[in-house]
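Line by line, the protein sequences give chains A and B.
Using numbering that gives the first Met the number 0, the first residue of the first sequence is number 0, and each one after it goes up by one.
Using numbering that gives the first Met the number 0, the first residue of the second sequence is number 0, and each one after it goes up by one.
The beta-carbon is built from N, C-alpha and C at its ideal position, and this holds for glycine as well.
What follows is a single structure, written as structure tokens, with notes after it.
There are 2 protein chains.
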Amino acid sequence: MKTKKDIILLGSTGSIGESALRLIRENRDKFNLIGISAHNNVKLLSEIVNEFDVPNVVLSNEKNAKDYFGKYELNVGSLCLIDLAKIKCDIVISGIIGMSGLHAAYTAINYGNDLAIANKETLVSAGKFFINKSKEKNVKILPVDSEHSAIFQCLNNKNISRLDHITLTASGGPFLNTPLEYFKNIKPQDAIKHPVWKMGKKISVDSATMINKALEIIEASVLFNLSSNKIDVVVHPEHIIHGLVHYKDGSVIANLGLPDMITPLSVALSWPNRLDLKLKKMSLVNINKLTFFKPDLDKFPGLKLGWDTLQSPYCSPVVLNASNEIAVDCFLKNKIRYTDIFNIVDETLNFYNPTKPQNLDDVIEIDKIARKHALKFTNKVD
Amino acid sequence: MKTKKDIILLGSTGSIGESALRLIRENRDKFNLIGISAHNNVKLLSEIVNEFDVPNVVLSNEKNAKDYFGKYELNVGSLCLIDLAKIKCDIVISGIIGMSGLHAAYTAINYGNDLAIANKETLVSAGKFFINKSKEKNVKILPVDSEHSAIFQCLNNKNISRLDHITLTASGGPFLNTPLEYFKNIKPQDAIKHPVWKMGKKISVDSATMINKALEIIEASVLFNLSSNKIDVVVHPEHIIHGLVHYKDGSVIANLGLPDMITPLSVALSWPNRLDLKLKKMSLVNINKLTFFKPDLDKFPGLKLGWDTLQSPYCSPVVLNASNEIAVDCFLKNKIRYTDIFNIVDETLNFYNPTKPQNLDDVIEIDKIARKHALKFTNKVD
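Here it is in structure tokens:
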């Protein structure tokens, strides 16, 4: 019997990559890293290749290839990233943020690989196509972010007809207690300071605007086949409860844990089994208090877009995601104000109402057009 | 295909019986009540017979039989109670408190009936015999109290090797914030005011001394085959989280819900399915805050007996349970002080160390002797 799982890690140098490598490093008897990719960070990529002895290596941005010093051959360019995802393995981890990871993740499924996905944007924009393809190919899509992993762990498919609703928790981000009148002066350096999770800049800003949670609503709808009225969001600053499943008999099943990406990653990579990770144990006595609040939609209007766009599930989520990526990028470059992020997303959603995409190419086309419109609105900001 | 489950309800006039009848009343398309028993309350028993059209009726205390007015024949006496449990059905609910329910519950299993058990004392005193018999007869023992139902719902048998520990929550009872120096003056009327649950007097006092939780530790050990070091207790006054299962990968699965016995009863009667109960929905936003504390073993020394007696799992739990029943009874009759309850239990445990029981008769014999000793200590109290 094969005892190790073969893993391909797309996006090995980002925050998900870092957690995945920590997990694999500490469980070398369970996992075998057979392929990795990075986009820019060729130094770290080389180090990972040498540490984990990874035979299949891809750098998607060819510009930095000359600095590679890994002991296996380097393949360069985005087509090689697609080829990497085709290699037969037990599970592909998609840790590439934004839309760049879309094709590679889809290819993984299309070639019969299970997919552990940490990439919200992919499921938000093209979720239905992913789910349909995964059913066709009989492969699993395993969520890696803590909220969806929580729901995944608490849902019992046998009881799905008795599901009342699910609750996604939100830390509330760094501006939970900041008065609305200060919001226009929020700077990028304030927005990327997330109170709970150490994450990339884009995701940290999404968390600060709570558009992160809007994307998660859409993601949950896709992953668990739920209509928008079955998904609730509660602000929970301690972020110990990651998600709850409410059944119609009054039972609520929840997933809790200290914030550590390694746990949901481990769940995805081992399911239906679990690993022994020797982590710090969660103690409710030490935590002492868990609090819960209704999200403030005046301060975080972006959150509402999660439910709103689910009314037209095949198109608006793509526009939401694309315009948000543009707006956040402009905010991080100090071109627009924090409060403009929502305005640009909202204007783009109102202006551009594409027809329902029929395939992945349509999604990419809609995404491209939405970005153009968003950029146009960004330039209009004074 | 049979669509209704045939139910026998032992102890139909107590608090468990009341909840069970509410559940059956609201789900007449799912359940068919084919047998009931009561001990004293012949008026209520008669009403239940007439309302639910129950053909098999037992009154275990013959004294009150003359007042029976149900439309089916009444069978009288404790032997008839045993016969009732023998009738083939889908599930027997044991809602009889104390040791009186022991034989009938055991008979239910021995005759191949699944058993929904709300009777701590039975599992504490004779749990191993129940578990072994249920395995032999291939029947299920389904916990009905909220804490064990919580653990039952959260445990995934596939992951049992990766279980780190479980946490049972305790409301802390009415004296959680009462200073220790006032404990000697606590009166029965104070002790039976439980802050969360409406329960019988005996259980309310157990909750006030936290000996209730000691019994639950033993019960959990038996039901889920856990050693004492795998069972933690946390005081959680809001009593919204009923139990937690901590896995070695850092994931914690918890069961939450508004306090209502009907939910765990419904879980036991429908498992692995669930019912649609139209209950008030739990809202974390309305609850706002959940708090957690370390139990104060100076104020509640009885709690520690749960772990202590698990060191000799075949005997001391019987003595603990028996001596506690005597002490609580004397306290409720104003014969001893609140603080004497623990002292009497502790003295009995220290004085009487029986040999390991080999069968149910041994358990009953040990129980009887322990009661005598406890009563002796009770009479010595000045």
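Inset, instruction - Report the rounded CA-to-CA distance for I230 of chain B versus S220 of chain B, giving the unit in angstroms. - result: 8 Å
Inset, instruction - Run down chain A in chain order and give the residues with a C-beta less than 7 Å from the C-beta of F291 of chain B. - result: L283, V284, I286 and N287
Legend entry - Short CB-CB distance (under 7 Å) between P54 of chain A and chain B: no
Legend entry - Where the beta strand (DSSP E) through T168 of chain A begins and ends: L162 to A169
Legend entry - Top-ranked residue by Cα proximity to P236 of chain A, from A:I252, A:P263, A:S206 and A:N228: A:S206
Legend entry - Proximity test, Cβ basis, 7 Å: K212 of chain A and chain B: no
Inset, instruction - Identify every run of the alpha helix (DSSP H) within the stretch 48-123 of chain B, keeping only runs that are complete inside it and at least 4 residues long; order them along the chain. - result: 77-85 and 101-109
Inset, instruction - Would you be able to state if there are at least three C-beta pairs under 8 Å between the stretch 318-334 of chain A and the stretch 114-127 of chain A? - result: yes
Inset, instruction - Could you give the DSSP three-state label for L154 of chain B: helix, strand or coil? - result: coil
Inset, instruction - Taking a Cβ distance cut-off of 7 Å, strictly less, list which residues of the stretch 209-240 of chain A are near chain B, in chain order. - result: V233
Legend entry - CB contact check: T2 of chain A to chain B, cutoff 7 Å: no
Inset, instruction - Verify the CB distance criterion: does K157 of chain A have a CB-CB separation below 7 Å to chain B? - result: yes
Inset, instruction - Could you tell me the distance, in whole angstroms, from the CA atom of N378 of chain B to the CA atom of K334 of chain B? - result: 9 Å
Inset, instruction - Identify every residue that forms a DSSP beta bridge with K4 of chain B. - result: B:F30
Inset, instruction - Mind listing the chain B neighbours of N26 of chain A? Cutoff is C-beta to C-beta under 7 Å, in chain order. - result: Per Cβ cutoff of 7 Å: no residues; N26 of chain A is ~10 Å from chain B at best.
Legend entry - Inter-stretch contact (C-beta, 8 Å, three-pair minimum) for the stretch 9-26 of chain B and the stretch 43-61 of chain B: yes
Legend entry - Proximity of F299 of chain A and E346 of chain A at Cβ, strictly below 7 Å: no
Inset, instruction - Check whether the Cβ of Y351 of chain A lies closer than 7 Å to any Cβ atom in chain B. - result: no
Legend entry - Continuous beta strand (DSSP E) stretch holding I252 of chain A: start and end: V251 to L255
Inset, instruction - Take D248 of chain A as the anchor and find which of B:K279, B:E180 and B:A104 has the nearest alpha-carbon. - result: B:K279
Inset, instruction - Consider the Cβ of S14 of chain A: report whether some Cβ of chain B lies at a distance smaller than 7 Å. - result: no
Legend entry - Interface partners of S265 of chain B on chain A, CB under 9 Å: D248, G249 and S250
Legend entry - Cross-chain neighbours of H245 of chain A in chain B, by beta carbon under 8 Å: K280 and M281
Legend entry - Where the alpha helix (DSSP H) containing G305 of chain B begins and where it ends: P300 to T308
Inset, instruction - For my contact list, Y337 of chain A and F182 of chain A are in at a C-beta cut-off of 8 Å; report their separation, rounded to the angstrom. - result: 6 Å
Legend entry - Assigned secondary structure, K355 of chain A (DSSP; H/G/I helix, E/B strand, else coil): coil
Inset, instruction - Determine the extent of the beta strand (DSSP E) in which I230 of chain B is found, giving its start and end residues. - result: I230 to V234
Legend entry - Given D113 of chain B as reference, the closest of B:K136, B:I96 and B:G97 once Cα atoms are compared: B:K136
Inset, instruction - With a 10 Å radius around its C-beta and 16 neighbouring C-beta atoms as the bar for buried, classify N358 of chain B as buried or exposed. - result: exposed
Inset, instruction - Over the uninterrupted beta strand (DSSP E) stretch that includes L242 of chain A, give me the two end residues. - result: The residue asked about is misnamed: residue 242 of chain A is Gly in this sequence, not Leu. Start and end: I240 to Y246.
Legend entry - L78 of chain B, buried or exposed, once every other Cβ within 10 Å from all chains shown has been counted against 16: exposed
Inset, instruction - List the residues of chain A that G256 of chain B touches, going by C-beta distances under 7 Å, in chain order. - result: G249, S250 and V251
Inset, instruction - Identify, in the order they occur along the chain, each residue of the same chain with its Cβ nearer than 6 Å to the Cβ of L214 of chain A, setting aside the five sequence neighbours on each side. - result: K119 and V123
Inset, instruction - For the stretch 15-30 of chain B and the stretch 245-261 of chain B, state whether three or more C-beta atom pairs, one from each stretch, are separated by less than 8 Å. - result: yes
Legend entry - Run of the beta strand (DSSP E) containing P142 of chain B, from where it starts to where it stops: I140 to P142
Inset, instruction - In angstroms with no decimal places, state the Cα-to-Cα distance between S227 of chain B and L309 of chain B. - result: 6 Å
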